[in-house]
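Residue numbers (the numbering used here): 32 to 128. Ideal Cβ placement from N, Cα and C applies to all residues, glycine included. Here the structure is a predicted model, which is why all the values come from computation and not from measurement.
So this is what it looks like as structure tokens:
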């Protein structure tokens, strides 16, 4: 169960979800904070779209300064992710150049 919200990659990241949940990537572990209202809004929206048995429960928010900041093509392979659930991405802000 995992929700990734991409917001217009600098070091400005936010990790939100169920209290105590942890997410590890690139040898760094992050603990979820209580979702801010906008993250919760998009998490609820994503859950309404996918309509799975269990709800998505974690949100990663990345800030992109301009069209040069981006996450390159990759595959999430963290063992904590449930492969039956999608990774949902919302993008806002500058276009990739």
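Rounded separation between residue 60 and residue 113 - CA only: Against the chain shown, residue 60 aligns to sequence position 29. Against the chain shown, residue 113 aligns to sequence position 82. Distance between the alpha carbons of residue 60 and residue 113 is about 17 Å.
Stretch pair the stretch 40 to 59 + the stretch 99 to 112: three plus CB contacts closer than 8 Å: yes
Secondary structure of residue 64, DSSP reduced to three states: Translated into positions along the chain shown, residue 64 becomes position 33. Strand.
Any beta strand (DSSP E) of 3 or more consecutive residues that is wholly inside the stretch 61 to 126: 89 to 93
Residue from 92, 91, 77 with nearest C-alpha to residue 85: By 1-based counting over the chain shown, the position of residue 85 is 54. It is 77.
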